[in-house]
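Asker:
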Amino acid sequence: MKKDSFYVTTPIYYVNDKPHIGHAYTTMLADMLARSHRLLGHDTWFLTGTDEHGQKVQEAADKRGVPPQEHVDTMVKRFEELWERLEITHDDFIRTTETRHTKIVQEILQDLYDRGEIYQAEYDGLYDVRSETFITEKDLPEGFSAENLPDHVKVIQETNYFFKMSKYQEWLISYIEENPEFIQPDFRRNETLGFLRKDLSDLCISRPKSRLSWGIELPFDDEYVTYVWFDALVNYISAVGYRSDDEMFARRWPAQVQLIGKDILTTHTVYWPTMLKAMGVAMPQTIFAHGWWLSGKDKMSKSTGNVVNPLEYAERFGVDALRYFLVAEMSLGQDASFTEEVFIKRYNSDLANDLGNLTSRVLKMVHTHCDSKVPVASALPAEGTPEADLWNHVQTAVSEMSRQVENMRPDLGVAAVMTAIREANKYIGVRAPWKQAKDENLQPLYETLYVSMEALRVCAALLYPVMPAKMMALRTQIGAGVDEPNVDDLKVFGKLVEGASLEEGEGLFPRHQKPKAAPQPKPSKKAANVVTVEEIAIEDFFKAQLKTAKVLEAVAVEGADKLLTLQLDVGGEQRQIIAGIAKHYTPEQVIGKMIIIVTNLKPAVIRGVESRGMLLAASKGKKLTLVTVDAEDFPSGAKVG
Ligand code: MSP
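Using our numbering, read the sequence shown as starting at 4 and increasing by one per residue.
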């Protein structure tokens with residue numbers, strides 16, 4: 004890694020979509036990381052942008068009756084405006100229709116073509132119009148087949164250009180294995196390795212203009228445009244001077260973190276590295292895939308109408324409260340739930356209660372008893388005093404925040420700051436400044452208030468990358484100045500200037516009312532000691548999707564004597580599940596078995612490993628046996644039920 008340099012990217016968003024909470028999240032996260040690194044004095048660069056070519060854009064433009072370029076020029080504004088509203092501090096915004104990008108894509112294509120990395124061939128197979136990808140029969144949704152295709156899948160026969168991706172398969176596997184930080188979190192690295200265990204095909208990188216004209220023309224054949232992903236991925240380097248500004252490129256690339264959502268893992272961890280390898284360009288340091296924001300337990304989707312609009316929350320609760328929620332609530336890598344109830348609960352407990360109360364209690368007393376000036380206090384008292392204990396908690400937050408940002412767990416960093424804030428509230432409870440204010444000697448009161456303000460100064464600086472406007476307001480209210488926080492000051496006690504005048508400010512986080520909960524059904528009165536099993540309707544049973552699955556691999560989970568990680572084949576799809584069967588089966592005993600699993604269980608992370616499904620087993624007392632299929636050669640992926 005280039006020392007002290009930090010280049011972070013977000014995916015470039017399809018310009019056609021209305022920006023939703025998923026887009027806001029990735030961009031906000033990148034912003035928080037960029038702001039943190041800037042405070043550390045690192046040479047930081049933060050890139051975001053829009054993905055503007057492809058079939059969907061062309062169709063949408065046709066529908067509006069405007070040329071595609073005019074269409075994307077209108078749509079892109081929604082993203083630009085949202086980023087401004089959400090206090091996003093990107094250094095560059097790239098659009099794939101800009102010449103600085105299209106020119107580089109063409110140069111790359113020409114170079115790869117000249118070096119024999121791209122060839123022409125006949126394609127005869129299925130094409131998914133919705134995802135704009137070539138697919139095989141096993142990728143079809145359930146209930147469909149080659150004879151019965153869904154509307155969005157077409158049979159296509161055409162000549163196209165292909166990138167020799169398959170030749171990099173072995174290299175990529177070794178690279179991923181040798182560089183554990185390359186794909187994060189670990190379970191996503193395993194997912195990519197699982198994908199690479201199957202034969203990798205070459206990548207079709209062209210679309211005939213007769214079918215789709217809205218794209219970057221192939222430099223060696225003007226009858227074709229470039230496949231939208233081959234075009235889009237290049238943005239990460241075209242924006243930082245690849246083939247156009249060597250100095251800038253050397254300064255920025257390789258990126259330290261490329262943030263993506265889990266749904267675009269393969270394009271970023273298979274297509275992108277093989278493209279870079281063929282170009283002879285270094286790999287990014289880390290590609291980090293975060294989970295999804297769910298609406299309650301469900302996927303957000305336009306058709307269900309449960310997509311959270313980030314602007315609505317920013318309007319109602321403030322931009323910084325939204326930013327805080329997004330960072331604090333999602334443990335990076337996992338899915339998280341976004342509901343109004345969870346939002347208000349966290350807002351009230353962390354911001355209105357813990358941080359808001361601390362601030363208003365302290366400042367009220369300073370204005371009343373210290374003539375609106377930073378009180379004059381002595382040095383930090385010795386170890387063992389409540390003051391020194393509080394300062395130690397604050398220092399733990401300082402080290403935790405930097406450690407967790409480095410580990411890509413800013414949620415834990417924020418949690419450490421909240422712990423320090425709660426300790427500060429406890430400290431005030433112990434010293435009871437409202438009692439100290441009644442003493443003749445007011446010095447102890449001044450000490451209490453000064454120490455509390457110092458705790459606030461450091462915590463506000465730590466939360467500044469998450470809530471820039473509110474934390475700047477807080478810093479001003481306590482007399483910490485109007486400049487960005489200086490990280491060197493965070494470990495030093497006594498930075499607030501005694502005697503400095505303070506202006507009264509507004510409350511930072513007014514409380515919000517919880518939405519009314521839906522009435523809960525009353526528990527029925529059942530006779531004591533009678534164990535009843537609730538009856539369910541057949542539709543309830545069929546909510547669980549059971550399928551046969553073949554165990555391909557089994558390994559013990561490190562540090563857990565009951566768990567095995569199983570790699571399964573479920574009708575051609577590879578899945579990983581964690582099963583609590585290690586006390587009953589050795590890995591060798593389960594490999595090759597055809598078991599039954601629940602496939603639509605919400606993924607869970609067990610001991611840091613992702614589990615996507617659950618197997619069926621019968622147990623009684625200490626005995627356990629797997630439910631297996633005994634017919635020989637029975638296929639995996641078959642429905643059970
Ligand atoms: N244009 C491509 C990316 C090209 S990058 C070279 C694309 N665009 S997108 O607009 O569909 O999605 C962008 C990102 O938003 C993805 O990383 C996706 O994971 C993320 N999200 C979309 N819905 C989401 C949630 N509900 N929750 C969290 N992020 C999700 O894909």
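Note that beta-carbon positions come from the ideal geometry of N, C-alpha and C, so glycine has one too. Every value quoted in this text rests on a predicted model; they were computed, and no experiment measured them.
1. Given a threshold of 16 other Cβ atoms within 10 Å of its Cβ, counted over all protein chains shown, does Pro-287 qualify as buried or as exposed?
2. Quick one, are the C-beta atoms of Lys-565 and Ile-584 less than 9 Å apart?
3. For Arg-578, report the span of its alpha helix (DSSP H) as first-last.
4. Helix, strand or coil for Asn-163 per DSSP?
5. For the alpha helix (DSSP H) containing Arg-210, name the first residue and the last one.
6. What do you get for His-155, buried or exposed, if any count of 16 or more other CB atoms within 10 angstroms of its CB means buried?
7. Would Ala-472 and Asp-374 be called neighbours here (beta carbons separated by less than 9 Å)?
8. List, from N- to C-terminal side, the alpha helix (DSSP H) runs of 4 residues or more that fit wholly inside the stretch 460 to 496.
9. Suppose the cutoff is 8 Å on Cβ atoms and the five residues either side in sequence are ignored; what does the same chain contact list for Glu-457 look like?
10. Tell me which same chain residues have a C-beta within less than 7 Å of the C-beta of Pro-71, skipping the five on either side of it?
11. In whole angstroms, what separates the C-alpha of Tyr-430 from that of His-370?
12. Hey, would you say the C-beta of Leu-297 is under 8 Å away from at least one heavy atom of the ligand MSP?
13. Going by C-alpha to C-alpha distance, which of Gly-299, Glu-390 and Arg-210 sits closest to Trp-232?
14. On the DSSP bridge list, what partners appear for Gly-264?
15. Quick one: what's Val-643 bridged to in DSSP?
16. Does the distance from the C-beta atom of Phe-291 to that of Leu-335 stay below 9 Å?
17. Hey, is the stretch 140 to 150 in contact with the stretch 93 to 113, meaning 3+ C-beta pairs nearer than 8 Å?
18. With DSSP collapsed to three states, give me the class of Ser-298.
19. Nearer than 8 Å: is that true of the beta carbon of Met-282 relative to any heavy atom of the ligand MSP?
20. Quick one: is Trp-256 buried, meaning 16 or more other Cβ sit within 10 Å of its Cβ, or exposed?
21. Just confirm the distance between the C-beta atoms of Met-404 and Ala-419, as a whole number of angstroms; I'd bet it's less than 8 Å.
22. Please return the same chain residues whose Cβ sits closer than 6 Å to the Cβ of Val-534, not counting the five positions on each side in sequence.
23. CB-CB under 7 Å to Arg-133, same chain, minus the five flanking residues each way: which ones, in chain order?
24. Does DSSP classify Trp-48 as helix, strand or coil?
25. Is there contact here, the stretch 193 to 210 with the stretch 269 to 281, by at least three beta-carbon pairs under 8 Å?
26. Decide if Asp-353 is buried, meaning its Cβ has at least 16 other Cβ atoms within 10 Å, or exposed.
27. If you drop the 5 nearest sequence neighbours on each side, which residues of the same chain put their C-beta closer than 7 Å to that of Ile-179?
28. Can you give me the C-alpha to C-alpha distance between Val-377 and Asn-489, rounded to a whole angstrom?
29. Can you grab the Cα-Cα spacing for the pair Ser-39 / Pro-468, in whole Å?
30. Got a sec, what are the start and stop residues for the beta strand (DSSP E) Arg-98 sits in?
31. Excluding sequence positions up to five away, which residues of its chain have a Cβ less than 8 Å from the Cβ of Met-282?
32. Helix, strand or coil for Val-345? Go by DSSP, reduced to three states.
33. Within the present structure, is the beta-carbon of Trp-232 separated from the nearest heavy atom of the ligand MSP by less than 8 Å?
34. Where does Asn-151 sit, in a helix, a strand or coil, going by DSSP?
35. Which residues in the same chain have their Cβ closer than 6 Å to the Cβ of Gly-624, if we skip the five residues on either side of it in sequence?
36. Indicate, with yes or no, if the ligand MSP has a heavy atom lying under 8 Å from the CB of Lys-265.
Answerer: Quick answer:
1. By one-based count along the sequence shown, residue 287 stands at place 284. It is buried - the Cβ of Pro-287 has at least 16 other Cβ atoms within 10 Å.
2. Working through the sequence shown from its first residue, we reach residue 565 at position 562. Working through the sequence shown from its first residue, we reach residue 584 at position 581. Yes.
3. Mapped onto the sequence shown, residue 578 falls at position 575. From DSSP, Arg-578 is part of no alpha helix (DSSP H) but of the beta strand (DSSP E) over 576 to 582.
4. Within the sequence shown, the letter at position 160 stands for residue 163. Three-state result, Asn-163: strand.
5. Residue 210 sits at position 207 when you count from the first residue of the sequence shown. Element bounds for Arg-210: not the alpha helix (DSSP H) but the beta strand (DSSP E), 209 to 211.
6. One-based indexing of the sequence shown puts residue 155 at position 152. The residue is exposed, with fewer than 16 neighbouring Cβ atoms inside 10 Å.
7. The sequence position of residue 472 within the sequence shown is 469, counting from 1. The sequence position of residue 374 within the sequence shown is 371, counting from 1. Not in contact: Ala-472 and Asp-374 (Cβ atoms no closer than 9 Å).
8. DSSP runs (the alpha helix (DSSP H)) wholly in the stretch 460 to 496: 471 to 480.
9. Residue 457 sits at position 454 when you count from the first residue of the sequence shown. The answer, listed in chain order, is Trp-394, Val-397, Phe-496, Gly-497, Lys-498 and Leu-499.
10. Reading the sequence shown from its first residue, position 68 is the one you call residue 71. So the qualifying residues of the chain are Val-60, Gln-61, Ala-64 and Trp-217.
11. Translated into positions along the sequence shown, residue 430 becomes position 427. Translated into positions along the sequence shown, residue 370 becomes position 367. Spanning the two alpha carbons is a distance of roughly 20 Å.
12. The count along the sequence shown starts at 1 and reaches residue 297 at position 294. Yes.
13. Here residue 232 refers to the residue found at position 229 of the sequence shown. Closest by alpha carbon: Arg-210.
14. To locate residue 264, count along the sequence shown from 1; it is residue 261. Note: Gly-264 sits in a beta bridge opposite His-293.
15. Position 640 of the sequence shown holds residue 643. The partner list for Val-643 (beta bridge, DSSP) reads Leu-549.
16. If you number the sequence shown from 1, residue 291 lands on position 288. If you number the sequence shown from 1, residue 335 lands on position 332. Taking 9 Å as the Cβ cut-off, Phe-291 and Leu-335 qualify as a contacting pair.
17. Note that the stretch 140 to 150 does not touch the stretch 93 to 113; fewer than 3 beta-carbon pairs, one per stretch, sit closer than 8 Å.
18. Reading the sequence shown from its first residue, position 295 is the one you call residue 298. If DSSP states are grouped into helix, strand and coil, Ser-298 belongs with the strands.
19. Translated into the one-based positions of the sequence shown, residue 282 becomes position 279. No, the ligand MSP has no heavy atom inside 8 Å of this Cβ.
20. Here residue 256 is taken as the residue at index 253 of the sequence shown, counted from 1. It is buried - the Cβ of Trp-256 has at least 16 other Cβ atoms within 10 Å.
21. The residue labelled residue 404 in the question sits at position 401 within the sequence shown. The residue labelled residue 419 in the question sits at position 416 within the sequence shown. Confirmed, about 6 Å.
22. For the purposes of this step, residue 534 is taken as residue 531 along the sequence shown, with counting starting at 1. Caution is warranted here: a pLDDT of 37 is assigned to Val-534, below 50, making its placement in the model unreliable, and the coordinate value is therefore given only provisionally. If we look at Val-534 and ignore the five residues flanking it on each side, it has no Cβ neighbours.
23. Residue 133 sits at position 130 when you count from the first residue of the sequence shown. For Arg-133, where only same-chain residues beyond five positions count, the Cβ hits under 7 Å are His-155.
24. The sequence position of residue 48 within the sequence shown is 45, counting from 1. Residue state, collapsed to three classes: strand.
25. Taking one beta carbon from each stretch, the stretch 193 to 210 and the stretch 269 to 281 have 3 or more pairs nearer than 8 Å; the two touch.
26. As a position in the sequence shown, residue 353 is number 350, starting the count at 1. Buried, since its Cβ has 16 or more Cβ neighbours within 10 Å.
27. Start at 1 with the first residue of the sequence shown, and residue 179 comes out as number 176. Contacts found: Phe-185, Ile-186, Arg-192, Thr-195 and Leu-196.
28. Position 374 of the sequence shown holds residue 377. Position 486 of the sequence shown holds residue 489. Cα to Cα, the separation comes out at about 19 Å.
29. Taking the sequence shown and counting its residues from 1, the one referred to as residue 39 is at position 36. Taking the sequence shown and counting its residues from 1, the one referred to as residue 468 is at position 465. Cα to Cα, Ser-39 sits roughly 6 Å from Pro-468.
30. The residue labelled residue 98 in the question sits at position 95 within the sequence shown. From DSSP, the beta strand (DSSP E) with Arg-98 extends over 95 to 98.
31. Locating residue 282 in the sequence shown gives position 279, counting from the first residue. Ile-111, Asp-114 and Leu-115.
32. The count along the sequence shown starts at 1 and reaches residue 345 at position 342. When secondary structure is reduced to three states using DSSP, Val-345 falls in the helix class.
33. Here residue 232 corresponds to residue number 229 of the sequence shown, with the count starting at 1. Because some heavy atom of the ligand MSP lies under 8 Å away, the Cβ of Trp-232 counts as near it: yes.
34. As a first step, residue 151 must be located in the sequence shown, where it is residue number 148. The answer is strand: DSSP assigns Asn-151 an E or B state.
35. For the purposes of this step, residue 624 is taken as residue 621 along the sequence shown, with counting starting at 1. Closer than 6 Å at the Cβ level, and outside the excluded window around Gly-624, lies no residue.
36. The count along the sequence shown starts at 1 and reaches residue 265 at position 262. Of the heavy atoms belonging to the ligand MSP, at least one sits nearer than 8 Å to the Cβ of Lys-265.
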